[in-house]
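Visitor:
Residue numbers (the numbering used here): 22 to 278.
(1) Looking only at its own chain, which residues have a Cβ that is under 6 Å from the Cβ of residue 72, when we skip the five neighbours before and after it?
(2) Residue 184 and residue 137: beta carbons closer than 7 Å?
(3) Just reading off the alpha helix (DSSP H) that residue 202 is part of, what are its end residues?
(4) Considering only DSSP beta bridges, list what residue 29 is partnered with.
(5) Tell me whether residue 99 sits in a helix, a strand or coil according to DSSP, three-state version.
(6) Can you give me the C-alpha to C-alpha distance between residue 197 and residue 117, rounded to a whole angstrom?
(7) Below 7 Å CB to CB, which residues in the same chain sit around residue 46 once its five sequence neighbours on both sides are set aside?
(8) Can you tell which of 229, 97 and 233 has the C-alpha that lies nearest to the C-alpha of residue 188?
(9) Mind checking residue 277: buried by the 16 CB within 10 Å criterion, or exposed?
(10) Measure the alpha-carbon distance for residue 3 versus residue 114 and round it to whole angstroms.
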C-alpha cells in the first residue's frame, strides 16, 4: 500500500480556538489533498464524538495523535477509549519529558520502561504507543545515540514517528533511520531544512523549500510499508500555504507504483 499523505494539526494550532473551528480546518485539509491528519494541540473542549463526526463528514482519517504524556502514563484507559471513538489506533508522544532527558542512559531507560508498559497495555485493544523525535535523540548518552537506545530497548510493539527535519538537525541520516525503524515506523513528519545564510540560523520550511531528499524518503517509506506521512511546519508565517505547498510538492515528486 502506498503511503497515505496528510498534515500535522500542530501547524494550524493558532486556528484551534474551539471545536467550532474544526470543520473548516478539516475541509481545508481535504481540499489541500490530505487523506489523513495527525491530531495535536487540541483545546480541552473538543470531545472525541465531535472529532469522529468531523472526520467521517470530510473523509479525512485521524491516523494518529500527539497526546499529553501525563495522560498516557496516568490515564491510559480513558485516553484509549477516546481514541477508539474516533477510530484511531496510534497514541503518540510528541517528545521525551525533561525528567528523562538528562543525558544519562539510566534516565532514558526509565522512559523506555514506560513505553514498554504502555505498549503492553494497549496491545489487547489493537492499539500502539508511538514516539516522535526531535534533534536531541541523535546525540549520544553513554556513548550511544539516544534514538538507538530507544530502538534497542523498547519492545517491538512500540512504534516510532520519524521527523526527517529534526533528524537532519541532529546530525543523522533520515534514510538510515527509516531502515532502522522498519515496520515500527508508522508516521513520517515532513518539513524541509533551509540552510543558514549570511550568518543567520537555519530555518524550517514546507517540503520543497530546502535541501532534504524527500523523493528518497518517500521511496523508502513505500518500500518499508510506512502507512502515513504528514506535512508539519512548526514555524511559518502562513501555515495553510505551507501545508498546501508541501502536499503539492510531495505529490509531484512521489508517484507510487
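The C-beta atom is built at its ideal place from N, Cα and C for all residues, glycine as well.
It should be emphasised that the depicted structure is a prediction, and the values quoted were computed from it without experimental measurement.
Guide: Taking the coordinates as given:
(1) Working through the chain shown from its first residue, we reach residue 72 at position 51. Around residue 72: 107.
(2) Translated into the one-based positions of the chain shown, residue 184 becomes position 163. Translated into the one-based positions of the chain shown, residue 137 becomes position 116. No.
(3) Along the chain shown, read from residue 1 onward, the residue named residue 202 stands at position 181. That run of the alpha helix (DSSP H) goes 195-202.
(4) Here residue 29 refers to the residue found at position 8 when the chain shown is read from its first residue. Bridge partners of residue 29: 59.
(5) To locate residue 99, count along the chain shown from 1; it is residue 78. Helix.
(6) Translated into positions along the chain shown, residue 197 becomes position 176. Translated into positions along the chain shown, residue 117 becomes position 96. Cα to Cα, the separation comes out at about 21 Å.
(7) Your numbering for residue 46 matches position 25 in the chain shown. Cβ within range, chain order: 33 and 36.
(8) As a position in the chain shown, residue 188 is number 167, starting the count at 1. Comparing Cα-Cα distances from residue 188 to each of 229, 97 and 233, the minimum goes to 233.
(9) One-based indexing of the chain shown puts residue 277 at position 256. Classification of residue 277: exposed, given that the 10 Å Cβ count is below 16.
(10) The requested residue 3 does not occur in the structure, where the chain is confined to residues 22 to 278.
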